[in-house]
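Last residue of the sequence shown: 348 (the working numbering), numbering continuous.
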Amino acid sequence: MAAVSMTVNGRSVTADIDPRTLLVQFLREDLRLTGTHVGCDTSQCGACVVHLDGKAVKACTILALQCEGAHVTTIEGLANGTELHPMQAAFREHHGLQCGFCTPGMIMTAVDLVNRKGSDVDEHTIRHELEGNLCRCTGYHNIVKAIAAGARAMAQAPLRQAAE
Ligand code: FES
Ligand code: FES
185 MAAVSMTVNG
195 RSVTADIDPR
205 TLLVQFLRED
215 LRLTGTHVGC
225 DTSQCGACVV
235 HLDGKAVKAC
245 TILALQCEGA
255 HVTTIEGLAN
265 GTELHPMQAA
275 FREHHGLQCG
285 FCTPGMIMTA
295 VDLVNRKGSD
305 VDEHTIRHEL
315 EGNLCRCTGY
325 HNIVKAIAAG
335 ARAMAQAPLR
345 QAAE
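Written out as structure tokens, the structure reads:
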């Protein structure tokens, strides 16, 4: 066993784990943060995407021990209390999901993409950036629409907060 400490959704966590534990296993099985999904064993589906020190990573491709001292954000940490993150709200509003299995990874990828590419990101870029996230239900059309809308809403969110 090996000790690991990290900050997950703003909370410090420490645990003794098998050194082979993947980050996604640590999140789901040790911390019971089951919003991060496992949809494949080939690192292809993207259902497991979380943010590691602010950048999207597939949590099935990294050992929990490699996250020592890091800040991890999962889908559970995205909302502000009961207020959905603008990207979550956009997925709901634009029907960017059907079964919802891919959705946490899609949203975490989308937030990272907007952080890197900006709020006026175009459809071609969105589709290209989603190549690491598979959806078996929707055909992607509404996901792309939701991300474009979520990107615009993310740009406006600080203004809204400032105005309140
Ligand atoms: S579970 Fe990580 S990419 Fe599929
Ligand atoms: S909504 Fe079902 S896999 Fe994407």
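All C-beta atoms, glycine included, are put in the ideal place defined by N, C-alpha and C.
The structure displayed is predicted, hence computed values, not measured ones.
Query	Result
As assigned by DSSP and simplified to three states, the class of THR245	coil
Range covered by the alpha helix (DSSP H) that runs through THR257	Segment 255 to 257 is the beta strand (DSSP E) holding THR257; no alpha helix (DSSP H) there.
Which residues DSSP lists as bridging ASP200, in chain order	ALA187
Beta-carbon proximity list for SER227, same chain, < 7 Å, skipping 5 on both sides	LYS242, CYS244, THR245
Between the CA atoms of LYS239 and ASP200 - distance to the nearest angstrom	25 Å
With 16 other Cβ atoms within 10 Å as the buried cut-off, status of GLN272	buried
Buried or exposed by the 16-neighbour rule on C-beta atoms within 10 Å, applied to ARG344	Any reading at ARG344 is ruled out, since the residue's pLDDT is 49, under 50, leaving its predicted position unreliable.
Three-pair Cβ contact test at 8 Å for the stretch 321 to 340 versus the stretch 253 to 264	no
Nonlocal neighbours in the same chain, by C-beta distance under 8 Å from VAL328, ignoring five residues either side	GLU307, ILE310, ARG311, LEU314
Inter-residue spacing [alpha-carbon to alpha-carbon] between SER303 and LEU297	9 Å
For LEU211, the three-state DSSP class (helix, strand or coil)	helix
Cβ pair GLY289, CYS251 closer than 8 Å	no
Inside the stretch 247 to 322 only - beta strand (DSSP E) runs reaching at least 3 residues	255 to 257
Reduced DSSP category for VAL328 - H, G, I as helix; E, B as strand; rest coil	helix
Separation of THR287 from LEU281, as counted between CA atoms	7 Å
With 16 other Cβ atoms within 10 Å as the buried cut-off, status of GLN340	exposed
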